[in-house]
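Residues in the sequence shown are numbered consecutively from 0, following numbering that gives the first Met the number 0. Where a beta carbon is used, it is the ideal one built from N, C-alpha and C, also for glycine. Structure first, then comments.
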Amino acid sequence: MIKNGYYGEFGGAYIPEMLYPAVEELRANYEEILASPNFQKEFQELLEVYVGRPTPLYFAKNLSQKAGCKVYLKREDLCHTGAHKINNTIGQILLAKHLGKKRIIAETGAGQHGVATATACALMGLECIVYMGAKDILRQAPNVSRMKMLGAKVVAAESGSKTLKDATNEAIRDWINHPESTHYIIGSVVGPHPYPDLVARLQSVISKEVKKQLLKYEGRDYPDYLVACVGGGSNAAGLYYDYLEDERTQIIAVEAAGKGLLSKETAATTQLGKVGIIHGSKTLLMQNTDGQITEPYSISAGLDYPGIGPMHAHLFTSKRATFMSIDDSEAMQAGLMLSQTEGIIPAIETSHAFAIFNHKKFEPDDVVVFNLSGRGDKDLATYIDYFKLDQQ
């Protein structure tokens, strides 16, 4: 699907001249390193014995009865650190070691990528600096504490909306100032080429496992539908990757509508965005008539990004995927529903995906695979406050 760093018209590397050597070093080496036997041996061993892969593909019997179809949950919430993010950080840490980098920086919104990066750095004995929006630091306090306990330095981004976009800006500034010693671990399928492709390849372990697991449970290696939430889009890219060219499988991507598409407090990029450039990549982007980025909003810290990865922009414009927008209220109710139906508390990001049952009906024999990309521990304070659970 990617050609010369582009997914259709989206992608590329729109970067300042000072970053060109660092990005070019990565582009020139990543495919060869990822394909090398030494890398693959260490990567696969760590995925198994450290991350805890393969993660289960769980048939959600109660939810299936409720939804009227066969619902499977890819349990990425059971990965070490509680989300799919660790697949990417373990891979990129090994890549950084091959490139001789001693210092690691990262950005994070919900904190899961930051925790996963800090975890991998602790494992490999590398310096770790994580940039996080000041607003996200307050609403994701448990993850901030985890990062600090793991030895990472957490730096607050105080500009703009003080969320993921601003944390990314600060991380890029750091990289410009320390290009030779530093590897920037981008947590999603965003940023300049080769990051969208690199992250998607490392996360594709998800779809590869789904194919094997479905063959065992359903006698075929493909589902009728794949469903995942999309901010930047790494969990979705990992779930979709091995099915991108398989037209037997329909792809559903779920964005955060925030307080509503017309509220101006939203992160529904495909519905409101136009083609633009953000963080080194040409993609769909929420912006005003002057081309200035508009501030996104979502109750979920991991989905309030004003753009989407170029892969997902191409999936949208090519109509390979159906994009749906779910508001805060629907997402929170879906999170509560899954908790009380299957005994699994999901991250609020993931909760958006489960709200699609309010908008789409499936056939009884449809096999629908959801990427349960993260556990809800980090969001308990938000759930408790929203549903007033401490007063019940």
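C-alpha gap between residue i and residue j, whole angstroms
i, j, result
"Lys-360", "Ala-252", "16 Å"
"Ala-235", "Val-226", "8 Å"
"Val-153", "His-192", "26 Å"
"Gly-67", "Pro-305", "34 Å"
"Met-336", "Met-285", "31 Å"
"Tyr-221", "Gly-81", "26 Å"
"Ile-171", "Tyr-130", "10 Å"
"Met-146", "Ala-117", "6 Å"
"Met-148", "Ser-350", "28 Å"
"Asp-384", "Tyr-71", "29 Å"
"Val-50", "Lys-2", "31 Å"
"Ile-104", "Gln-139", "19 Å"
"Asn-37", "Gly-290", "45 Å"
"Leu-93", "Arg-26", "15 Å"
"Leu-302", "Ala-346", "11 Å"
"Leu-45", "Gln-390", "43 Å"
"Ala-59", "Lys-69", "8 Å"
"Gln-339", "Asn-61", "10 Å"
"Glu-341", "Tyr-382", "17 Å"
Helix, strand or coil at residue i [DSSP, three-state]
i, result
"Ile-325", "strand"
"Ile-298", "coil"
"Val-209", "helix"
"Cys-127", "strand"
"Asn-370", "strand"
"Leu-45", "helix"
"Gln-111", "helix"
"Arg-52", "coil"
"Gly-90", "helix"
"Phe-58", "strand"
"Phe-361", "coil"
"Pro-15", "coil"
"Ala-155", "strand"
"Pro-20", "helix"
"Val-189", "coil"
Residues that DSSP places opposite residue i in a beta bridge
i, result
"Arg-319", "For Arg-319, which the question treats as bridged, DSSP gives no partner whatsoever."
"Thr-181", "Arg-102"
"Gln-249", "Tyr-224"
"Ala-255", "Ile-325"
Environment of residue i [buried if 16+ CB atoms lie within 10 Å]
i, result
"Lys-263", "exposed"
"Gln-91", "buried"
"Ser-180", "exposed"
"Met-310", "buried"
"Tyr-296", "buried"
"Ser-324", "buried"
"Met-17", "exposed"
"Pro-15", "exposed"
"Asn-287", "exposed"
Check whether residue i and residue j have beta carbons under 7 Å apart
i, j, result
"Asp-241", "Ser-280", "no"
"His-112", "Lys-73", "no"
"Gly-237", "Gln-270", "no"
"Gly-231", "Ser-187", "yes"
"Asp-76", "Gly-373", "yes"
"Ala-119", "Gly-150", "no"
"Ile-250", "Leu-283", "no"
"Gly-124", "Thr-162", "no"
"Ile-136", "Ala-115", "no"
"Ala-333", "Ala-354", "yes"
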